[in-house]
């Protein structure tokens with residue numbers, strides 16, 4: 229199985245805020261405006277990603293709270309689903325909080341030409357908020373090819389990671405358990421370090437990147453979970469292929485995992501749960 233789309237190539241794309249909307253849900257009052265320095269982002273070249281946060285009245289958002297040890301979590305995924313970054317403004321060497329703190333900069337370099345989906349995840353007065361946008365990277369682009377890979381047993385940085393999905397045939401509208409089992413040098417990893425205040429950080433996204441969420445996994449109590457598995461739960465809103473990036477930390481090393489799952493249609497209709505992404509220029 230392979231899906232093909234044409235990339236943007238060298239065409240530059242204005243970076244405006246495009247909120248992901250689901251039928252029957254209320255749009256969050258949390259918007260982003262992305263820009264960059266230099267203004268044209270080129271593959272393999274360093275740049276600063278600039279993020280400005282505002283509400284629906286275009287007023288600056290200044291009530292962010294630290295969530296999982298960072299004021300802002302920024303996740304970038306290339307349109308072919310092969311390049312993944314989870315970054316934060318505070319990680320920059322020259323980071324200095326600004327007042328009002330609604331504008332942020334993150335130094336970056338992206339290896340591929342084409343489009344990247346950018347997820348901005350934050351916390352406002354105890355409520356998690358997020359927004360998504362597209363970032364265009366110029367350079368030599370190739371045809372967009374996404375390969376179906378449902379392998380549940382993989383190696384990442386010397387760690388054997390097995391992803392178990394329960395129920396084994398996930399459907400929309402059902403809460404799905406994602407359970408990660410870790411092994412190093414032939415031995416089960418029973419305890420991991422906290423990574424940004426969680427046992428695991430996950431980015432779950434539909435294959436066309438119309439939906440992307442940032443969530444977390446938790447190690448169950450040892451008596452209930454002697455193998456040290458890390459569990460997360462998610463209800464997939466519509467059927468199809470989904471990509472899941474997971475990050476855990478062991479002995480000071482952060483390991484990034486990636487898996488795909490295929491979700492079948494459940495009880496809710498496609499019409500009710502289909503995503504709508506407004507990517508038209510305004």
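Numbering (my numbering), first residue to last: 229 to 510.
All C-beta atoms, glycine included, are put in the ideal place defined by N, C-alpha and C.
When secondary structure is reduced to three states using DSSP, residue 459 falls in the strand class. When DSSP states are grouped into helix, strand and coil, residue 356 belongs to the strand group.
Around the beta carbon of residue 396, fewer than 16 other beta carbons lie within 10 angstroms, which makes this residue exposed. DSSP, read as helix, strand or coil, puts residue 288 in strand. Within the DSSP secondary-structure output, residue 279 pairs in a beta bridge with 262 and 332. Beta-carbon to beta-carbon, residue 418 and residue 456 are separated by about 4 Å, close enough to satisfy the 8 Å threshold.
Going by beta carbons, residue 480 and residue 427 fall outside the 8 Å limit. The three-state secondary structure of residue 274, taken from DSSP, is strand.
DSSP lists 344 as the bridge partner or partners of residue 363.
Taking the Cα of residue 482 as reference, the smallest distance to any Cα among 413, 324, 386 and 471 is reached at 386.
For the pair residue 474 and residue 430, the CB atoms are nearer than the 8 Å cut-off. For residue 418, there is no enclosing beta strand (DSSP E), since its DSSP letter is neither H nor E. Residue 299 sits close to residue 292, with the two beta carbons spaced by under 8 Å. Under the 10 Å beta carbon count, residue 355 is surrounded by fewer than 16 other beta carbons and is classified as exposed.
Residue 285 holds the alpha-carbon nearest to the alpha-carbon of residue 256 among 285, 346 and 444. If you ignore the 5 residues before and after residue 280, its C-beta comes within less than 6 Å of the C-beta of 261 and 331, all in its own chain and listed in chain order. The beta carbons of residue 408 and residue 432 sit no closer together than 8 Å. The residues 276 and 320, in chain order, have a CB closer than 6 Å to that of residue 335 in the same chain once the five nearest residues on each side in sequence are set aside.
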